[in-house]
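Visitor:
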């Protein structure tokens, strides 16, 4: 079976490319060195005096060119090394785990729960706020209930007083003053709140005298 051909361009192995470039640079340097050695051997055989000024200038120019070529190769190798380091760093970043669909859905769910909770809190706050109109209405209802209860108490007290004054024709009551006193006390307790509301600030005996006159 034949060997499988490798890809070209971006698919070619970076190490192979770097090795090939180094090999080519070494070959160029070797060729330059051999050419210079051959030239030096030629002039050495010809004698020092045979070298002209032009030849010396040429040697100096060749040396500068060789040094420039060497620096160029070194810069190229350094750039390739940096590119390889960046490529490895990029691959490492890509290998980091990405957020799954489940994790994204959980984040969205948390956002929805927070929004629902905030909406519920706003609704409860709105319910706790009672308008002035509602408050006044509630106070009127409570006042009406209090008045109704007082009327019921007064009616009950008067009924008890009348019952206390009512005697059975066949009974032999030997203590009528006690029944009158009990009836007045019931009448007094029933009517006192109303009288205080009508005439506030009087003394207790004044209220009692006024109610006694009403009772008689």
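Residue numbers (the numbering used here): 355 to 570.
Idealized CB from N, CA, C, for every residue including glycine.
Quick caveat, the model's predicted, so the values are computed rather than measured.
Would you identify the three-state DSSP class for residue 570, choosing helix, strand or coil?
Guide: Residue 570: coil per DSSP, three-state reduction.
Visitor: Exposed or buried, which one is residue 495 when buried takes at least 16 other CB atoms within 10 Å?
Guide: With fewer than 16 other Cβ atoms within 10 Å, it is exposed.
Visitor: Terminal residues of the continuous alpha helix (DSSP H) containing residue 539?
Guide: That run of the alpha helix (DSSP H) goes 530-552.
Visitor: Label residue 433 either buried or exposed according to how many other C-beta atoms from any shown protein chain fall within 10 Å of its C-beta, with 16 as the threshold for buried.
Guide: Answer is exposed; the Cβ neighbour count stays below 16.
Visitor: Looking at residue 565 and residue 542, is the spacing between their C-beta atoms short of 8 Å?
Guide: Closer than 8 Å, so yes.
Visitor: Work out the CA separation of residue 457 and residue 425 for me, nearest whole Å.
Guide: If you take the alpha carbons of residue 425 and residue 457, they lie about 53 Å apart.
Visitor: Measure the CB-CB distance between residue 381 and residue 416 and report whether it falls below 8 Å.
Guide: Taking 8 Å as the Cβ cut-off, residue 381 and residue 416 do not qualify as a contacting pair.
Visitor: Check whether the Cβ atoms of residue 431 and residue 387 sit closer than 8 Å, and answer yes or no.
Guide: No; because the gap between Cβ atoms is not below 8 Å, this pair is not in contact.
Visitor: Would you tell me roughly how many angstroms separate the C-alpha atoms of residue 443 and residue 379, rounded to the nearest one?
Guide: If I take the Cα positions, the gap works out to 28 Å.
Visitor: What residue ranges within the segment 366-429 form continuous alpha helix (DSSP H) runs of no fewer than 4 residues, ordered along the chain?
Guide: Counting only runs of 4 or more, we get 368-400.
Visitor: Does the distance between the C-beta of residue 566 and the nearest non-hydrogen atom of the ligand MN fall short of 7 Å?
Guide: Absence of the ligand MN is noted for the structure shown, with no ligands found whatsoever.
Visitor: Could you tell me the alpha carbon to alpha carbon distance between residue 548 and residue 554, rounded to whole angstroms?
Guide: Cα to Cα, the separation comes out at about 10 Å.
Visitor: Rounded to the nearest angstrom, how far is the Cβ of residue 438 from that of residue 393, given a contact under 8 Å?
Guide: Actually they do not touch by this definition, with Cβ atoms about 38 Å apart.
Visitor: Just to confirm before moving on: does the CB-CB distance between residue 545 and residue 560 stay below 8 Å?
Guide: In this structure, residue 560 does not lie closer than 8 Å to residue 545 by Cβ.
Visitor: Residue 564 by DSSP, collapsed to three states: which one?
Guide: Residue 564: helix per DSSP, three-state reduction.
Visitor: Helix, strand or coil: how does DSSP classify residue 453 here?
Guide: Three-state DSSP puts residue 453 in coil, outside helix and strand.
Visitor: Just the C-alpha distance for residue 383 and residue 435, rounded to the nearest angstrom, thanks.
Guide: Their Cα atoms are separated by approximately 21 Å.
Visitor: Just the C-alpha distance for residue 371 and residue 470, rounded to the nearest angstrom, thanks.
Guide: Rounded to the nearest angstrom, the two C-alpha atoms are 60 Å apart.
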